[in-house]
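J.:
Residue numbers (my numbering): 197 to 291.
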């Protein structure tokens with residue numbers, strides 16, 4: 197498994213299962229947009245400030261989050277899709 201560094205977060209991308217439009221048309225995978233929702237799998241140690249102290253991240257492992265559409269770097273491990281994001285690319289935590 198990957199261990200993010202600094203203020204980075206490893207998010208498992210949650211694929212949307214809806215494959216039909218409201219009118220009943222099926223949407224092929226090639227026409228779908230990238231998912232913006234995922235589950236936090238691992239977090240880094242936090243952002244390092246200029247004075248040498250670390251600021252803890254606002255997210256924790258297990259959180260479901262929404263993130264910037266084109267943020268982060270996508271990776272595939274063991275058949276699952278992940279995104280490595282900077283904490284600033286995370287928009288919201290689902291409660």
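Cβ coordinates follow ideal geometry from the N, Cα and C atoms, glycine included. Quantities reported herein were computed from a predicted structural model and do not represent experimental measurements.
1) Just to confirm, are residue 242 and residue 250 a CB contact at a threshold of 7 Å?
2) With burial defined as no fewer than 16 other Cβ atoms inside 10 Å of the residue's Cβ, what is the status of residue 273: buried or exposed?
3) Just mark residue 284 as buried or exposed, buried being the case when its beta carbon has 16 or more other beta carbons within 10 Å.
4) Would DSSP call residue 274 helix, strand or coil?
5) Please state whether DSSP places residue 211 in a helix, a strand or coil.
T.: So, from the data block:
1) yes
2) exposed
3) exposed
4) coil
5) coil
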